[in-house]
Amino acid sequence: MLRIVRGQTVVAPDLQAMMAHWPAAINPNLDDLEKATIDRFEWLFPDPANSKRLQKMKKTQAALFAAMWWPYVPLEALYTVAWLSIWLFVWDDETDSAEFSDLVHDFKRASEFRCDTLQFIRESLQLQSSSDSDDSSSSNGSTTSSESDSIIITNFDHVGQAVANFGNSRVTARFYEELELFVNMTELEQKVHLSGELPTVSEYLERRMGSSGVHVCLALTEYSLDMELPEEVMNDPEMDTLWHETNMNISVCNDILSVKKELEVGQTDSLIPLLALELGSVQAALDDASRMMQDSVELIDKAADSLLARYGHDASVHANLQKFVDGCKYACTGNLNWSLVSGRYRLGSNTTQGGLRLKL
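Position 266, counted from 1, in the sequence shown is what the working numbering calls 459; the numbers after and before it change by one each time, with no gaps.
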């Protein structure tokens with residue numbers, strides 16, 4: 194398939210037009226965050242041996258990522274969510290990038306790394322550490338110590354302390370639950386890569402919903418806004434839909450935009466190549482993925498309208514719920530706009546207006 198598609202030109206639709214009715218903005222504290230982000234990267238990678246990794250991270254425009262995802266939050270909370278996103282980027286590279294880590298090809302050591310990670314996260318969040326060796330599929334019988342010597346793990350500490358100090362046990366528990374799922378799905382991802390076998394589209398999407406890290410970020414929406422929604426609202430089935438479809442929107446969007454970059458390096462464990470194998474062409478795969486994304490937009494709008502109507506009787510709850518809904522929409526528009534502006538996928542365009550022509 195890779196041999197056949199190389200050199201073809203395909204067209205991705207105008208993704209920005211799908212979400213043109215949603216809010217998009219940049220946090221006014223971007224300048225302060227940019228300076229702090231550069232300092233943080235230099236703190237994470239002071240060794241000259243990591244200079245290539247340091248330069249790569251500086252080029253990600255991580256500050257802009259956070260400023261677009263969370264344009265509505267004050268500076269202190271912005272630092273926390275920015276450090277979370279950096280932690281996710283850097284941590285994922287440790288088990289997913291052969292360029293920067295030898296854990297990619299060593300499943301046992303990678304599993305121990307994941308187990309150490311979850312134990313450190315629990316302690317940072319001040320959660321009771323019980324059955325540590327059993328509560329994650331990443332344990333594999335390894336024994337861990339909370340005294341992790343990997344800054345790739347321990348730079349989570351600022352985030353964990355901030356969330357613990359927020360003082361909402363439901364938010365903390367959900368945050369950990371999503372982090373645990375993220376870590377475990379990266380384990381499954383590594384298993385698939387090492388097996389040399391391709392998953393089905395449905396298997397891939399099930400894994401992708403966890404390994405994307407989107408729910409990890411959404412779990413801090415209440416913290417970032419310094420507000421709390423009633424459990425009744427957070428447990429509403431429409432809230433589950435809002436979370437799931439936000440995840441679907443962002444994950445599918447990333448897979449559409451990354452198709453050129455992935456096919457260039459022969460990566461096929463991604464939505465568009467897998468759909469192309471089922472549907473017979475990359476263009477058909479892009480069209481199908483675009484429909485998924487359009488569906489997610491419509492389902493997010495429907496779930497949001499339903500939630501706001503259902504809880505409209507309480508002005509305070511309604512106002513906070515509107516902020517939460519907008520937070521999900523900002524995440525979607527921010528993710529798309531940052532991906533274009535940052536040059537993450539080397540598309541040669543900072544807009545999808547009129548569609549994107551991609552030469553594979």
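Ideal placement from N, C-alpha and C gives every residue a C-beta, glycine not left out.
- Message: Classify D224: buried if its beta carbon has 16 or more other beta carbons within 10 angstroms, exposed otherwise.
- Response: On the sequence shown, position 31 is the one that residue 224 refers to. Flag for D224 reads exposed.
Practice problem: Under 7 Å Cβ to Cβ from V385, same chain only, skipping five residues before and after it: list those, please. | Solution: Locating residue 385 in the sequence shown gives position 192, where the first residue counts as 1. Within the same chain, P392 and D462 come within 7 Å of V385 by CB-CB distance, once the 5 residues on both sides are set aside.
If G473 and D207 are in contact, beta carbons under 8 Å, what's the gap, nearest whole angstrom?
The residue labelled residue 473 in the question sits at position 280 within the sequence shown. The residue labelled residue 207 in the question sits at position 14 within the sequence shown. With a Cβ gap of about 24 Å, G473 and D207 do not count as contacting.
Report task. Determine, using beta carbons only, whether L391 comes closer than 9 Å to chain C. Result -> Reference to chain C is not applicable here, since this structure consists of a single protein chain.
For my contact list, A412 and R363 are in at a C-beta cut-off of 8 Å; report their separation, rounded to the angstrom. Start at 1 with the first residue of the sequence shown, and residue 412 comes out as number 219. Start at 1 with the first residue of the sequence shown, and residue 363 comes out as number 170. Between R363 and A412 the Cβ distance is about 10 Å, and since that is not below 8 Å, they are no contact.
For this session: Leaving out five residues on either side along the sequence, give the residues of the same chain with a beta carbon under 6 Å from the beta carbon of I279.
Result: Here residue 279 corresponds to residue number 86 of the sequence shown, with the count starting at 1. So the list reads A255, once near-sequence residues are dropped.
- Take K454 and list the residues in its own chain whose beta-carbon comes closer than 7 Å to its own, dropping the five residues that flank it on each side. What you label residue 454 is simply residue 261 of the sequence shown in a count that begins at 1. Within its own chain, the residues whose Cβ lies closer than 7 Å to the Cβ of K454, once the five positions on either side in sequence are excluded, are Y538 and R539, listed in chain order.
- Item | Cut-off 8 Å between Cβ atoms - residues of its own chain near V407, not counting five sequence neighbours on either side | On the sequence shown, position 214 is the one that residue 407 refers to. T439, N440, I443, S444 and A524, listed in sequence order.
- [ ] From the DSSP output, in three-state form, read off R302 for me.
- [x] For the purposes of this step, residue 302 is identified with residue 109 of the sequence shown, where counting begins at 1. In the structure shown, R302 sits in a helix (DSSP, three-state: H, G or I).
Look up L464 in the DSSP assignment and say whether it is helix, strand or coil.
For this step, residue 464 is matched to residue 271 along the sequence shown. The three-state secondary structure of L464, taken from DSSP, is helix.
- Task: Keeping to the same chain, check which residues put their C-beta closer than 6 Å to that of Q319; ignore five residues upstream and five downstream.
- Result: For the purposes of this step, residue 319 is taken as the residue at position 126 of the sequence shown. Excluding residues within five positions, the ones whose Cβ falls inside 6 Å are A357.
**Message:** So, for T414: in the same chain, excluding its five sequence neighbours on each side, which residues have a beta-carbon less than 6 Å away from its beta-carbon?
**Reply:** Counting from 1 along the sequence shown, the entry for residue 414 is found at position 221. Only residues of its own chain outside the window of five on either side were considered, and among them F517 and G520 have a CB closer than 6 Å to the CB of T414, listed in chain order.
How is K552 classed by DSSP in three states: helix, strand or coil?
As a first step, residue 552 is located in the sequence shown; it is residue number 359 there, counting from the start. Strand.
**OP:** Check whether the Cβ atoms of V274 and A259 sit closer than 9 Å, and answer yes or no.
**Re:** Numbered from its first residue, the sequence shown carries residue 274 at position 81. Numbered from its first residue, the sequence shown carries residue 259 at position 66. For the pair V274 and A259, the CB atoms are nearer than the 9 Å cut-off.
Item to check | CB-CB length for F375 against V352, believed under 8 Å | outcome: If you number the sequence shown from 1, residue 375 lands on position 182. If you number the sequence shown from 1, residue 352 lands on position 159. 13 Å between Cβ atoms; not a contact.
**Prompt:** Exposed or buried, K522, counting other C-beta atoms within 10 Å across all chains shown (16 or more means buried)?
**Reply:** Taking the first residue of the sequence shown as position 1, residue 522 is located at position 329. By the 10 Å Cβ count, K522 comes out buried.
Rounding to the nearest angstrom, what Cα-Cα distance links G536 and T545 in this structure? Residue mapping note: residue 536 aligns to position 343 of the sequence shown, counting from 1. Residue mapping note: residue 545 aligns to position 352 of the sequence shown, counting from 1. When only Cα atoms are considered, G536 and T545 end up about 13 Å apart.
With DSSP run on the structure shown, which of helix, strand or coil describes T544? Reading the sequence shown from its first residue, position 351 is the one you call residue 544. Correct three-state label for T544: coil.
Tell me which same chain residues have a C-beta within less than 7 Å of the C-beta of Y504, skipping the five on either side of it?
Looking up residue 504 in the sequence shown gives position 311. Here the set comprises V426, V510, H511 and L514.
task: State buried or exposed for S388, treating a residue as buried only when at least 16 other CB atoms are found within 10 Å of its CB.
output: As a working mapping, residue 388 is identified with position 195 in the sequence shown. Counting Cβ neighbours within 10 Å, S388 comes out exposed, since fewer than 16 surround it.
**Beta-carbon gap between S404 and M420 smaller than 9 Å** = Within the sequence shown, the letter at position 211 stands for residue 404. Within the sequence shown, the letter at position 227 stands for residue 420. Contact check for S404 against M420 fails: the beta carbons are separated by 9 Å or more.
Margin query: My assumption, with CB atoms under 8 Å, is that P466 sits in contact with L479. Please give the rounded CB distance.
Written below: Your numbering for residue 466 matches position 273 in the sequence shown. Your numbering for residue 479 matches position 286 in the sequence shown. Between the beta-carbon of P466 and that of L479 there is about 11 Å, and that puts the pair past the 8 Å contact cut.
In angstroms with no decimal places, state the Cα-to-Cα distance between S395 and C446. The count along the sequence shown starts at 1 and reaches residue 395 at position 202. The count along the sequence shown starts at 1 and reaches residue 446 at position 253. Using only the alpha carbons, I get a separation of about 17 Å.
| field | Terminal residues of the alpha helix (DSSP H) in which A229 lies | value | For this step, residue 229 is matched to residue 36 along the sequence shown. Per DSSP, A229 belongs to the alpha helix (DSSP H) from L223 to L237.
* To do: Starting from T526, follow the alpha helix (DSSP H) in both directions and report where the run begins and ends.
  => Here residue 526 refers to the residue found at position 333 of the sequence shown. Annotation for T526: the continuous alpha helix (DSSP H) segment containing it runs A508 to V534.
Going by DSSP, which residues form a beta bridge with T202?
Locating residue 202 in the sequence shown gives position 9, where the first residue counts as 1. The partner list for T202 (beta bridge, DSSP) reads K552.
Please classify E287: is it buried, with 16 or more other beta-carbons within 10 angstroms of its beta-carbon, or exposed? Here residue 287 is taken as the residue at index 94 of the sequence shown, counted from 1. So E287 ends up on the buried side.
- Consult DSSP for P216 and reduce its assignment to one of helix, strand or coil. Working through the sequence shown from its first residue, we reach residue 216 at position 23. Three-state result, P216: coil.
For this session: Flag this pair as yes or no: are the beta carbons of L553 and V198 separated by less than 9 Å?
Result: Translated into positions along the sequence shown, residue 553 becomes position 360. Translated into positions along the sequence shown, residue 198 becomes position 5. Yes; because the gap between Cβ atoms is below 9 Å, this pair is in contact.
Run of the alpha helix (DSSP H) containing E269, from where it starts to where it stops
Your numbering for residue 269 matches position 76 in the sequence shown. For E269, the enclosing alpha helix (DSSP H) has its first and last residue at L268 to D289.
Item checked: Same chain only: Cβ atoms within 7 Å of L468, ignoring 5 sequence neighbours per side -> Here residue 468 refers to the residue found at position 275 when the sequence shown is read from its first residue. So the list reads V394, A478, D481 and A482, once near-sequence residues are dropped.
Would you mind working out which of R246, L501 and A303 sits nearest I231, comparing C-alpha positions?
Position 38 of the sequence shown holds residue 231. Of R246, L501 and A303, the smallest CA-CA separation from I231 is found for R246.
message = Can you tell me whether E321 is buried or exposed? The criterion is at least 16 other CB atoms within 10 Å of its CB, across all chains shown.
response = For the purposes of this step, residue 321 is taken as the residue at position 128 of the sequence shown. Looking at the sequence provided, one finds Gln at residue 321 rather than Glu. With fewer than 16 other Cβ atoms within 10 Å, it is exposed.
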